[in-house]
Amino acid sequence: MRLTVEDIGKSFPGVTALDGVSFEIRPGEIHALMGENGAGKSTLIKIITGLYRPDRGRLLVDGVPADFHSPRDAIAAGISAVHQERNLIPRFTVGENILLERLPRRHGLVDYGRVHREARRFLDMIDPSIDTRTEVRRLSVAQMQIVEIAKALSLEAGVLLLDEPTASITGHEADALFAVLRRLKAEGKAIVFVSHKLEEVTAISDRVTVLRDGKVAAAGEPIASMSRGRIVSAMIGREERVAEIGERDLRDRTAVLEARGVATALGHRDIGFTLRKGEILGLYGLVGAGRTELARALIGDVRITAGEVRVNGRPVAIASVPEAIRRHRIGYISEDRKAEGLILAHPVRSNVAITVWRRIASALGLVGRGAERRIVEPLVRKLDLKTPSIEQGVGKLSGGNQQKVSIAKWLAAGVEILIIDEPTVGIDIKTKTAIHELIAEITRDGVSVLLISSDMPEMITLADRILVMRDFALVGEIENSRRYEPMSRRIMSFIHQGAEGAAENEPNGPEAAHG
Amino acid sequence: MTVADANEAPARRGAFLAESGNLIGLAAIVLIFWVVLTSLRPGFISNFNLFTLSRSLAIDIVIGFSTMVVLATGGMNLAIGSIGVCAVMAAGFLMQGLGLPPLVAFAAALALGAALGWLNGFAIVRSGVNSFIITLASASLYLGAMLILSKAVTFNELPAAVADFGKLRFGGFVSPLLIIALAIGAALIVLFRFTALGREILAAGANPRAAELSGVPVGRVVIIAHTLSGALAGAAGLMLVARLGAAMPSIGQDWLLPSFLAPVLGGTLLSGGAVSVIGTMLGALLVTTIRSGLLVMQVGNFWLQLFLGVILLAAVMLDRYRGKVAERRSLGRR
Amino acid sequence: SDNKIALIPGGPHPYFAPWEQAAADAQKDFGIAAVDFKVPSEWKLNLQTELVESLVTQGYTAFGIFPGDAVGINSTVEELEGAGIPAAALAGCAQDPTKMQFCLGTDVYNSAYLGTKALIEAMGGKGKIVHLAGLLVDPNTKLRMDAVEKAVGETNGAVSIVQHITDTDAQEAADQKINALLGAQKDQIDGLISTAYIPSVVAAKSLRNLGDKRIKLVGIDDDPIVLDAIKDGFAAGTMAQNPYGQGYVGAYVLDLLAGGGCTVKADAPWIQTPQTAHFIDSGTLLISAANIASYKDDLKKITSDIQSSFKDKYLDCK
Amino acid sequence: MTLGQRLIANEWSAIAVAIVIGVVGLAATSPAFLTEFNLYVMMRSFCVVLVVAFAQMLTLAVGQLNLSIGALGGLVAIAIGGMMEVLGFPIAVALPIGLAIGALGGLINGLLTVRTGINGFIITLATASAFTGINLGITESIPFYNLPSAFVAFGTARLSAFPMLLIPPVIVALLLALFLARTVPGRQLLAVGGNPHAAQLSGVHMNGIVVLAHTLSGLLAAVGAILAVAQLGSAQPTIGQDWLIMSFAAPIIGGAALTGGHVSVAATALAVVLIVLIQNGMVLAQVDPYWVQFLLGALILAAVGLNRLRAVRAGEA
Ligand SMILES: Nc1ncnc2c1ncn2[C@@H]1O[C@H](COP(=O)(O)OP(=O)(O)OP(=O)(O)O)[C@@H](O)[C@H]1O
Ligand SMILES: Nc1ncnc2c1ncn2[C@@H]1O[C@H](COP(=O)(O)OP(=O)(O)OP(=O)(O)O)[C@@H](O)[C@H]1O
Ligand SMILES: O[C@@H]1[C@@H](O)[C@@H](O)CO[C@H]1O
Ligand SMILES: [Mg+2]
Ligand SMILES: [Mg+2]
């Protein structure tokens, strides 16, 4: 099957996700789709699978125009997909999830024997150890991802679209997946593969298309002709320019936040670190390492079961987020801007001033618009926030400007410690640099930042020191030299060796690494 | 471009127009009804009818407010009728049974309403169970407790001042109850527009996670909203006591529909985070007008329910449509 | 006259069905511009008062009202009086102090008392009884409970009341409560006194289903099912009321009052009841196997007696 | 898992235990409890409530609420009453039309919900008012009394303690269990409730399924109405007026999630048994009827509290 996408355009309120994208997948090829976060990869896949309707452009299947109104139509046309988000029914069994929309039946009733037999067949291609009779909600994240892949395979479709299928599975399972993909390719299937992992992409794909800001930056180039540097510059549009932090020595600064032997209700063990005044302390790890959960524990949102946390030298027991903010001046910027960071329907003014309402309220509890404006407007100027007015609904701003709003509210709140989780996900490269510079600047003003990021260059650009987390434990702590190659190698070695490896490297455990 | 004063004015005007567009539309519908009804039945604007209308309107407005403040948090309160009647019976008992003066009894009854609302909020926040279920259960619980304690006996020997108050008229047809309802409305406008608490309620309703992570004590705010809802339900009940001159156990059992009609017609979102106080008042006015209008027109009072249902449907669908058009237009501008 | 009179029951209820005919007859017989039977869509106070208010707006000049809520109706009646519109309580009374001109109805206390007496007699003077009562908010219910207790009290312990079961004057509730009662306690019960319309019908049906003639039943009102039960021995009797007469005479008197020509006398031979000092009995009698064929004529006679003497006895007319 | 743990993990185990305790307690303290007629009365009052609970359960399954079940039930009740009494339709014609009216009402709810995207709560609040309005407008609140005797007789027929009226609800329960567990639309219905987005991405016709759930809910409301009319022997316009709380109480006590995707026919049925048992126990104990209201509320709270505790124990929350 050959799938052609012609001049597709798609906008969401405030964002142009795709802008004139043309793209072709041929039978018997694996076609990599690359691009930064927010480049439009997932949007393109959702259009091909009938989940979104394009604003313009068209779709051709084997040269014939196709008009999909829903995923049903795409499935019927022989297109199947693994989407980036998890899409399983928690209380259904693995088998049922795999065959959900076409459960086999006998005498009109679902034939569960066949459900499990058939599901088994596809699951076996990747991981025979998963029981098809288990309810999905009992699986690990990686297992769920495998079920998603098996589900897509089970359609035996002519076109298979995989949106970051390897993000949360292990190398072993990824290898099994690649073997299957190669076989399907040999059978003449057309496969689209989205991944941020350059090594994977070069290893498995035949051609690569790069999207940048919703436009095609490299169109179906043979993989052999693309060097790593060419792919990266296609993705970001130029040589990487990074924010300059400059050398700084913060070793004799006072400690503002310390953890000693902290364990949490979610399974963190023996977490220990020190954040100093004005420092950016990086917290690196693969997705699912437990960093976000640690941040939540630090702000009183997850229960700490053992150990001690100190703020400005005094032991604290933070029971709630408001307490973290008001009493201890700790703020947290969520990795999930839309769900947890912002109130999309409310204006910029409210989103920024929310942290200070109580402070600026008069004795009667009244908050004046003028008072809000006096706080919000200077911040908007300082952060170069692009918005028609502070009355604009935040949902209508671009991702980068939304992120600036989340930062602005903490500047307004006057926090001393800011935990920033994945600050630049879905943010374009230019804004990304701006946000990096902003983070650096606030630390110069004396704010201390705990920076969670899965973006290695970002981490190496920004952090003064880097903690490495794996499986809910810290496995390493490194002084950042801000030199990319050696730093990334050291970080990855901590991640791959895990706690044991790290212990061998640093006989006295993570704490001793820095000393 | 960054914030520039030149840009701010039109944008703010835009937001204002969107909100007032709904209100003006609602007011226009009400006006049309009044013109038509008055020309067909001149008695519609007789002092007698205006007075009785202003009294029912007052009560419908406060019932609507009671639901509105919980809708603001994205929750519901199905127990307002039960809370209302508990406050009513408490006031009756305090005045007739214990001989307390009306003001004291009313204050205590309001406090009881607030306490029952607080209990709802507390149960919701503590258990993490949906407010629909909690208040469904507590509605039955409160009503049951009231019936058990009161044996459903009406208190009908209240101090004359109570009924006299209900009968007062200003300017020939304005009930003081309406003035109270408007005063409550003004207080709620101040709450939601100008106080930290009100803003926090809306933030918690629009996105509880984000609000929590921004330092809003969401649990406490939700509890406060329910407490306020309980107090307003109590207030609505007490207004009925003044109107009827008696405290009876049958009050409140048909509040569910009007309590949702007024705020929803007025543009309050069910999903939380946005309220319109004036909209709720206009919504209540529309409902009261239609109800009285249909009766006066002898459309047959048995068909009234049908019309109310259809009007609610039409109104929410219209609102939906308006929202879509507005969205499309704002996209087009880009 | 050019009066417009409305007869308004507490809500939809079969008891009031004869009011419709009574209204039509009164309009014709007394030459009134309009006598209309207007039913609130549900048995709820606010629906009743809203209906009354809208009828005022439509120019009605007098109201005959069954106070579904004996106290709650008074504020509306007071407003009617303020607007110069007379109202009378029909079938049941409003609680004094009230601006109702008078109350024409069954002497429910007496009726329930006599009914219970008849039941006790049918039971042979001893045993246990259950009282099935109407809506608690119905002004008559409390009186009936007191009356039942009085009759039982007079047996000096030979008869006892197991329970008053209230709020049985709606079909579903009656069905559920009465069957549950019979299921759980039929062997401990010797008699049922019903003082509301629907439980009388349901009890008669249930006893017939059970085939039980041991438990004696005295009901109220003359629904065909109850009358059949009397004929077949499943019920000992039922207390007749006079809804037609209430509507007919009520409309007649309201017409006189609304014209402004007449006012009610302060010193007429009103009956004093626990609810009001201005009561007139519309007729109370027990229907049993003996008079089942003739009771209708008795009621007609009572009606015409009340009507013909009303003006002289109770009104001052110019 | 040990047997004990498995029992704790099971939604209906707590209800079953409560029922056993209740039955044993009542039987021991009240000789009337196990009499044939009392059992008959209990089973008979079980019928309508069960079907009504199922009607709500189906909308809960897709994560929606249906506030119009009672109103629709009332409308169907007077419709079949009117058809049989006024129009003289035979039972075999009137009942199917009644069922069709119920399904149509549900269909309207469903279509309005998916077409407008407005919360089902508001839609069904509005249609409830409309359905009640039609009911009152047609009947002026006057019941239809003269129903075919065969139909009325069915409402009271019994084989010793077993009421014939129980046959349709039992059939409905079995069909519903089969439908949800073993048919494709049934599974899809739960899938949509469990994760609408996922179901849609899998090619499940989401809107169609939501409409289906509402339609079936309306159909079951009609079944409830027919049973209620047979039970009462007359078609009362007030039928359905007090179904609301029962309709939610039983499925929720039976562990249904308000967010959708999880309901249980067996647990809901057991919850109805428990409710009926409590009501009967209160009659036996001659408890003030006002306690019914109170206890029902308390029961719901206890059930959700317990469920919550169980979920926390099982690490699901
Ligand atoms: N439903 C939506 N509503 C509004 N904006 C959206 C929506 N979906 C995507 N976007 C926006 O469209 C742009 C493209 O997003 P898309 O998810 O396609 O990126 P992506 O290339 O898949 O990124 P990633 O690598 O992070 O998955 C982003 O700016 C995103 O915020
Ligand atoms: N107790 C737990 N049991 C199972 N899974 C858990 C538990 N706690 C968290 N998780 C899952 O493990 C993952 C790790 O959580 P967390 O978000 O903290 O990781 P992270 O290092 O911040 O990675 P990410 O980049 O995904 O945010 C999440 O997907 C979360 O759903
Ligand atoms: O018999 C009573 C009447 O007296 C009236 O109360 C209406 O309801 C009936 O049951
Ligand atoms: Mg993506
Ligand atoms: Mg994270």
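Residue numbers (our numbering), protein chains in the order written: chain D, 44 to 558; chain Y, 387 to 720; chain S, 230 to 547; chain P, 2 to 318.
Note that CB positions come from ideal geometry on N, CA and C, so glycine has one too.
Practice problem: Go ahead and label H150/D buried or exposed: buried means 16 or more other beta carbons lie within 10 angstroms of its beta carbon, across all protein chains shown. | Solution: Counting from one through the first sequence, the residue named residue 150/D turns up at place 107. H150/D comes out exposed.
Quiz item: Measuring from the CB of T639/D, is there a heavy atom of ligand 1 at a distance below 7 Å?
Solution: Residue coverage of chain D in this structure runs from 44 to 558, which leaves residue 639/D outside it and unanswerable.
Quiz item: chain P partners of P133/D, CB-CB under 8 Å?
Solution: The residue you call residue 133/D lines up with position 90 of the first sequence. What P133/D touches in chain P: G195, N196, G262.
Practice problem: Identify the continuous alpha helix (DSSP H) that holds G374/D and give its terminal residues. | Solution: What you label residue 374/D is simply residue 331 of the first sequence in a count that begins at 1. Taken as a continuous stretch (DSSP letters only), G374/D belongs to no alpha helix (DSSP H), being part of the beta strand (DSSP E) at 373-376.
Quiz item: Do A82/D and ligand 1 come close, with the Cβ less than 7 Å from some heavy atom?
Solution: Here the question's residue 82/D lines up with position 39 in the first sequence. Yes, since a heavy atom of ligand 1 falls inside the 7 Å radius drawn around the Cβ of A82/D.
Exercise. For L21/D, collect the residues of the same chain with a Cβ closer than 6 Å to its Cβ; drop the 5 residues on either side in sequence, then sort them by chain order.
Key: Coverage of chain D is limited to positions 44 through 558, which leaves residue 21/D absent and any answer about it impossible.
Quiz item: Can you find at least 3 beta carbon pairs, one from the region 69-85 of chain P and one from the region 298-306 of chain P, that sit closer than 8 Å?
Solution: no
Quiz item: Whose CA, out of R319/D, V359/D, D507/D, Y327/D, lies closest to the CA of G489/D?
Solution: Working through the first sequence from its first residue, we reach residue 489/D at position 446. Looking at the Cα atoms, R319/D is the closest of the given residues.
Quiz item: Apart from the five residues just before and just after A413/Y, which ones in its own chain have a Cβ nearer than 8 Å to its Cβ?
Solution: Here residue 413/Y refers to the residue found at position 27 of the second sequence. Once the five neighbours on either side are set aside, the close Cβ partners of A413/Y are L668.
Self-check item: Partner residues on chain P for S423/S, Cβ-Cβ distance less than 8 Å
Solution: The sequence position of residue 423/S within the third sequence is 194, counting from 1. What S423/S touches in chain P: nothing, since even the nearest Cβ is about 16 Å away.
Quiz item: Excluding the five sequence neighbours on either side, which residues of its own chain have a C-beta within less than 7 Å of the C-beta of V193/P, listed in chain order?
Solution: Within the fourth sequence, residue 193/P is the residue found at index 192, counting from 1. V63, A200, V205, M207, I210, V211.
Practice problem: Going by CA-CA distance only, name the one from R525/D, K425/D, L454/D, L461/D that's closest to A477/D. | Solution: Within the first sequence, numbered from 1, the residue matching residue 477/D stands at position 434. Cα-wise, what sits closest to A477/D is K425/D.
Quiz item: Closest to A260/D by CA distance: which of S276/D, S248/D, G272/D, A246/D is it?
Solution: Position 217 of the first sequence, counted from the start, is the residue given in the question as residue 260/D. The candidate whose alpha carbon is nearest that of A260/D is S276/D.
Exercise. Buried or exposed for E290/D, please, with buried defined as at least 16 other CB atoms from any protein chain shown within 10 angstroms of its CB.
Key: Within the first sequence, the letter at position 247 stands for residue 290/D. With fewer than 16 Cβ atoms within 10 Å of its Cβ, E290/D is classed as exposed.
Quiz item: For Q294/P, which three-state DSSP category applies?
Solution: The residue labelled residue 294/P in the question sits at position 293 within the fourth sequence. Here Q294/P sits in helix by DSSP.
Self-check item: Test: H215/P CB closer than 8 Å to a CB of chain D
Solution: The residue given as residue 215/P occupies position 214 in the fourth sequence. No - not a single Cβ of chain D is within 8 Å of the one on H215/P.
Exercise. Would you verify that the beta carbon of L259/P is, or is not, closer than 8 Å to some beta carbon of chain Y?
Key: Looking up residue 259/P in the fourth sequence gives position 258. So yes, L259/P belongs to the interface.
Quiz item: Can you find a C-beta in chain D that's less than 8 Å from the C-beta of L599/Y?
Solution: Sequence index remark: in the second sequence, residue 599/Y carries index 213 (1-based). Yes, L599/Y lies at the interface with chain D (some Cβ there is under 8 Å from its Cβ).
Quiz item: Closer than 7 Å: is that where the CB of V188/D sits relative to any heavy atom of ligand 1?
Solution: On the first sequence, position 145 is the one that residue 188/D refers to. Here residue 188/D turns out to be Gln, not Val, going by the sequence shown. Flag unset: Cβ of Q188/D not near ligand 1.
Quiz item: Is it a yes or a no for the region 462-473 of chain S touching the region 501-518 of chain S, going by three-plus beta-carbon pairs under 8 Å?
Solution: yes
Practice problem: Check K529/S in the structure and name its three-state DSSP category. | Solution: One-based indexing of the third sequence puts residue 529/S at position 300. Residue state, collapsed to three classes: helix.
Self-check item: Delimiting residues of the beta strand (DSSP E) encompassing M625/Y
Solution: For the purposes of this step, residue 625/Y is taken as the residue at position 239 of the second sequence. Looking at the DSSP string, M625/Y is not in any beta strand (DSSP E); the run it does join, the alpha helix (DSSP H), is 604-630.
Self-check item: Residue from A465/Y, A509/Y, L692/Y with nearest C-alpha to S645/Y
Solution: One-based indexing of the second sequence puts residue 645/Y at position 259. It is A465/Y whose Cα lies nearest to the Cα of S645/Y.
Exercise. Name the two residues that bound the continuous beta strand (DSSP E) containing H360/S.
Key: The residue labelled residue 360/S in the question sits at position 131 within the third sequence. Run containing H360/S: 356-361, per the beta strand (DSSP E) assignment.
Self-check item: Alpha-carbon spacing of F165/D relative to V223/D, whole angstroms
Solution: Stepping through the first sequence from its first residue, residue 165/D is reached at position 122. Stepping through the first sequence from its first residue, residue 223/D is reached at position 180. So the two alpha carbons sit approximately 10 Å from each other.
Quiz item: Does the beta-carbon distance from I581/D to R513/D come in below 8 Å?
Solution: There is simply no residue 581/D to check, as chain D begins at 44 and stops at 558 in what is shown.
Quiz item: Any chance the CB of G63/D is under 7 Å from a heavy atom of ligand 1?
Solution: Your numbering for residue 63/D matches position 20 in the first sequence. No - ligand 1 has no heavy atom lying nearer than 7 Å to the Cβ of G63/D.
Quiz prompt | Among I79/P, A17/P, T60/P, nearest to L1/P - alpha-carbon criterion | solution = With chain P covering only 2 through 318, there is no way to say anything about residue 1/P.
Practice problem: State yes or no: is the C-beta of G52/D nearer than 7 Å to some heavy atom of ligand 1? | Solution: The count along the first sequence starts at 1 and reaches residue 52/D at position 9. No - ligand 1 has no heavy atom lying nearer than 7 Å to the Cβ of G52/D.
Exercise. Tell me, to the nearest whole angstrom, how far the beta carbon of I124/P is from that of V650/Y; I am working on the premise that it is less than 8 Å.
Key: In the fourth sequence, the residue the question calls residue 124/P occupies position 123. In the second sequence, the residue the question calls residue 650/Y occupies position 264. Going by Cβ atoms, the distance from I124/P to V650/Y rounds to 11 Å, so no, they are not a contact pair.
Quiz item: Three-state secondary structure (DSSP) at L403/Y?
Solution: Position 17 of the second sequence holds residue 403/Y. Since pLDDT at L403/Y reaches only 46, below the 50 mark, its modelled position is unreliable, and the value read off the structure follows with that caveat. Of the three classes helix, strand and coil, the one that applies to L403/Y here is helix, per DSSP.
Quiz item: What residue from P269/S, G466/S, G334/S has the CA that sits closest to Q504/S's CA?
Solution: Here the question's residue 504/S lines up with position 275 in the third sequence. The shortest Cα separation from Q504/S among P269/S, G466/S, G334/S belongs to G334/S.
Exercise. Check distances from the C-beta atoms of the region 670-700 of chain Y to those of chain S and list, in chain order, the residues that come in under 8 Å.
Key: R677, S678, L681, V682, Q684, N687, F688, L690, Q691
Exercise. Would you mind telling me which residues of chain P sit closer than 8 Å to H126/D, beta carbon to beta carbon, in chain order?
Key: Walking along the first sequence from the start, residue 126/D turns up at place 83. Result: L202.
Quiz item: For Y527/D, which three-state DSSP category applies?
Solution: Numbered from 1 along the first sequence, position 484 holds the residue referred to as residue 527/D. Of the three classes helix, strand and coil, the one that applies to Y527/D here is helix, per DSSP.
Exercise. With a floor of 3 residues, list each beta strand (DSSP E) that falls wholly inside the region 266-352 of chain S, ordered by position along the chain.
Key: 291-294, 316-320, 332-334
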